[in-house]
Amino acid sequence: MSAPVSTVAVVGAGPAGTRAAEVLVRAGLRPVVLDEAPDNGGRIFQRPPPGFTRPYEALYGSVAPQARALHAAFDGLRGRVDYRPSTLAWHLRPGTLHTLSDGQAGQVDFAQAILCTGAMDRVVPLPGWTRPGVTTLGGAQIALKTQGCAIGRRVAFLGTGPLLWLVAMQYAKAGATVAAVLDTTPLATKARQAPALLAGGRAFLTGLRMMAWPRLHGVKVVEGATPLEITGTDGVDGLRYRGGGREHVLACDAVAMGWGLKPETQLADLAGVPFDFDLVQRLHLPRRNDAGRTPVVGIYLAGDGARIGGAELAELQGARAAWSVVEDRGLPLDLPEIARLDRAIAAQAGFRRALDLAFPYPHALAAEMPDATTLCRCEAVTAGELRAAAAPHDLNRAKALTRLGMGRCQGRVCGPPGAEVLAAALGCEVSEVGRLRGQWPVKPVPLSMAAE
Amino acid sequence: MTLVRLAETARARVAFTLDGAPAEALEGDTLLTAILANGTHVRTSEFGDGARAGFCWMGACQDCGVWVVGLGRQRACATPVRAGMEVVRL
Ligand SMILES: Cc1cc2nc3c(=O)[nH]c(=O)nc-3n(C[C@H](O)[C@H](O)[C@H](O)COP(=O)(O)OP(=O)(O)OC[C@H]3O[C@@H](n4cnc5c(N)ncnc54)[C@H](O)[C@@H]3O)c2cc1C
Ligand code: FES
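First to last, the sequence lines map onto chains A and B. Residue numbering for the first sequence follows this note's numbering, beginning at 36 and increasing consecutively. Residue numbering for the second sequence follows this note's numbering, beginning at 4 and increasing consecutively.
Pasting the structure below:
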C-alpha cells in the first residue's frame, strides 16, 4: 500500500499564493507551488523577463515597496517549497491536479489545495472591440510592465475602476500619449461613495491622486461616457462615444478597455465548490468563509481568484487560508497572528464594498449592445444571435444553441456580458440565467493529453 | 496595431521568421510582442470577421494563437521568442 498523500498544493504564486506558501513553510510543510507564469509575483507584481533593467519604482510605482517585499518573501522560500513555474493546472479532480509543463503532462496529488488563481479583466463588448489595437486594461499594463511597450502611439483608456486610472497614468508617465480617459461611471456615483472610501486611508488617497493625475497633466477626461464604437479599417483609428449629451469621435490608434476584474474560478468549479450570486459584483462567486475554507473538504480559496479584493487583501487571505490548512492538519497554530489576520481582513470589508459601488459594472450598457456586436470573440457569436436564441432561461443551454462561450477561452471573456444580454432579452434578473460552468481543460492543452 | 517600444530597448537582438520571412525581435520578447514589432496583426479569425492581435496579454483569452514549427499551436503572449523560431500566423 502506498502512503497516504500529504502534499499541500498552492496554485498561483501571486500575492495570495506567496503568503500562503510562507505560512505553510513556517508550519514545517513543504508545499508544491505551481504557476503557469515563468516567474512569481502574480499580476500586480509580475516580474519582467531576465535582462530587463527598469527599477522597482518605474515598474510598480507607489506599490514598489510591497512588490519588493513580496518578491523577497518568495525568494526566501526557494528551496523550501517545491516550486514549479511555467506549470499550468488544467484539471482538478478529487485529490489530483493535472498539469502541463513544457509540453509534458504531469499530476500533483494533494491532501489540501489552496487555489490562488487571481483574476482577469471584465469587459463590455462594443462594435469594433476585436480589432488589432484593442486590449484589456490589464493587457495594456502587461505590455508596458513586462515588455516595455505601449499598445499604440495614441492610446484611449476606456472602462471604469481603479485599473483604468492607474494604467492611464502609468502609460503617460512612461512617455506614451494618452488620447483620453473615458470612465463610464458618472462622477456623482463615485462621489456618493466618498465617505465610505475614506476608510481606505492610504489606498483612498492613492486613488484620488491617480484620478487627479490626467487632469493635472492636460489629459482629456470624460466621466459618465457611453462608448459606441471602435472605428478603423485594419486597426483602430478612433473611438466614437457619447458624453455630455453629445456624440464625439476621439482619434486614437489603440484602445485599452476594462470594467473591473472577474475571478478565475474554473478550478474551484471543477472541485465542486458551490457558487452564489453576488449582488454587488454581479457575478456568481465560489462559496468560502473568511478563513478561506470552502464546503469541499481539502479545497481552500484566497485572493482575487475567489472575489476581487486587490493585492493587500489577497496577501492577508493567502496567509489566512494557509493557517486553516495548518489547523485542519492538526499542527500548532499561532493564534495571535491568526487573530491579527482576521482583524485586518474584516477591516477591509467596508472599503472594498464602497469601491465596488463606486465603479459598478455598467450592466445596462452590456445588455443593450447592438445586435451586430461580436459578443463571443472565440466563436464570433453576435449579441443578436444570442437574443434570437433566448428561449432557454439558462446560459448553458444558450451556449449549446449559439456556441457562445464554447470557444477556446471557455467563456471567460463573454460570460458576464452574455449573461446580461440574455437576462435583458428574457426580462429576468441576471442571477436567474446562471453562469457558464467551468470545464476541463481550463485552458487548451494538446489533444493527446486531454485524451489520457 | 502599432506597438511602441518605450523602454528596455538595449536587449540583444533575436532573429526568427514570421510566415517564412526573416524578422527581428529582442531577447525577452513574447511572441506577441515579437510579431507586433514586425506586423500589425497576429492571427485571422476563422469566422471571417477580420484580423486579431490578442486581447488580454495574460494567457486567458486565447485570441493570440500562432503556429510554431516544432511546438505546434501556441499562445503568442505566453511564449518567449527564441532565435531561429519559425512562426506562422494562422
Ligand atoms: C492583468 C492584471 C493587472 C493587474 N494590475 C494591478 C495593479 O497594477 N495594481 C493592483 O492593485 N491590482 C492589479 N490587478 C489586480 C490583481 O488581481 C491583484 O492586485 C492581485 O494581483 C491579486 O493577487 P492574487 O494572488 O489573488 O492573484 P494574481 O496576482 O493574479 O496571481 C494568480 C496567479 O495564479 C496563476 N494561475 C492562475 N490559474 C492558474 C492555473 N490554472 N494553473 C497555474 N497557475 C495559475 C497565474 O499565472 C498568476 O500568476 C491586476 C489584475 C490583472 C488581471
Ligand atoms: S492575448 Fe489573450 S491569451 Fe494571448
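Cβ coordinates follow ideal geometry from the N, Cα and C atoms, glycine included.
{"Asked": "Heavy atom of ligand 2 within 8 Å of B/L35 beta-carbon", "Found": "yes"}
{"Asked": "Closest residue to A/G235 among A/A379, A/R443 and A/V271 (Cα-Cα distance)", "Found": "A/A379"}
{"Asked": "Nearest candidate by alpha-carbon position, reference A/R355, set A/G242, A/R188 and A/A326", "Found": "A/A326"}
{"Asked": "Buried or exposed (CB count within 10 angstroms, at least 16 for buried), A/N75", "Found": "buried"}
{"Asked": "CB of A/L320 within 9 Å of CB of A/D313, strictly", "Found": "yes"}
{"Asked": "Span separating the alpha-carbon of A/T241 from that of A/L94", "Found": "16 Å"}
{"Asked": "Residues near A/Q474 by beta carbon distance below 6 Å, same chain, minus five either side", "Found": "none"}
{"Asked": "Contacting residues, own chain, Cβ-Cβ under 6 Å from A/L351 (five flanking each side not counted)", "Found": "L376, A379 and I380"}
{"Asked": "Under 7 Å from the C-beta of B/L6: neighbouring residues of chain A", "Found": "C184 and I186"}
{"Asked": "A/P73 to A/A303 span [Cα, whole Å]", "Found": "23 Å"}
{"Asked": "Burial state of A/E282 (16 or more Cβ within 10 Å)", "Found": "exposed"}
{"Asked": "A/R472, DSSP secondary structure in three states", "Found": "coil"}
{"Asked": "Whether A/T131 touches A/P397 by CB criterion (9 Å)", "Found": "no"}
{"Asked": "Neighbouring residues, chain A, relative to B/L9 (Cβ below 8 Å)", "Found": "L179, G183, C184, A185, A209, G210 and A211"}
{"Asked": "Inter-stretch contact at 8 Å, needing at least 3 Cβ pairs: the stretch 175-185 of chain A / the stretch 255-271 of chain A", "Found": "no"}
{"Asked": "A/C444 versus A/P367 - alpha carbon distance", "Found": "42 Å"}
{"Asked": "Per DSSP, the bridge partner or partners of A/W294", "Found": "A/T195"}
{"Asked": "Beta carbon proximity, B/M61 to chain A, threshold 9 Å", "Found": "yes"}
{"Asked": "Segments of 4+ residues assigned as alpha helix (DSSP H) that fall wholly inside the stretch 405-457 of chain A", "Found": "418-423 and 430-437"}
{"Asked": "Beta-carbon gap between A/R412 and A/P129 smaller than 9 Å", "Found": "no"}
{"Asked": "Closest residue to B/R78 among B/G62, B/V84 and B/G51 (Cα-Cα distance)", "Found": "B/G62"}
{"Asked": "Residue-level contact to chain B via CB, A/E71, 9 Å cutoff", "Found": "yes"}
{"Asked": "Euclidean distance between Cα positions of A/R103 and A/A459", "Found": "46 Å"}
{"Asked": "Near ligand 2: B/R78 beta-carbon under 8 Å from a heavy atom", "Found": "yes"}
{"Asked": "Counted within 10 angstroms of its Cβ, other Cβ atoms place A/R78 as buried (16 or more) or exposed", "Found": "buried"}
{"Asked": "Any non-hydrogen atom of ligand 2 within 8 Å of B/D66 CB", "Found": "yes"}
{"Asked": "Selected residue, minimal CA-CA separation from B/L35, among A/T53, A/V58, A/L179 and A/L471", "Found": "A/L179"}
{"Asked": "Closer than 9 Å to chain A by CB, B/E89", "Found": "no"}
{"Asked": "Residue from B/G53, B/A56, B/M4 and B/A24 with nearest C-alpha to B/G87", "Found": "B/A24"}
{"Asked": "As assigned by DSSP and simplified to three states, the class of A/R103", "Found": "helix"}
{"Asked": "Rounded distance between the beta-carbons of A/L471 and A/G446, thought under 8 Å", "Found": "4 Å"}
{"Asked": "B/G23: contacting residues in chain A (beta-carbon distance under 8 Å)", "Found": "Within 8 Å Cβ-Cβ: nothing; B/G23 doesn't reach chain A, min ~21 Å."}
{"Asked": "Outcome for B/V84 when other beta-carbon atoms lying within 10 angstroms are tallied against a minimum of 16", "Found": "buried"}
{"Asked": "Interface flag, B/R14 vs chain A, CB-CB below 9 Å", "Found": "yes"}
{"Asked": "Assigned exposure category for A/G279 - 16 Cβ within 10 Å defines buried", "Found": "exposed"}
{"Asked": "Contact under 9 Å by Cβ, B/W70 with B/L39", "Found": "no"}
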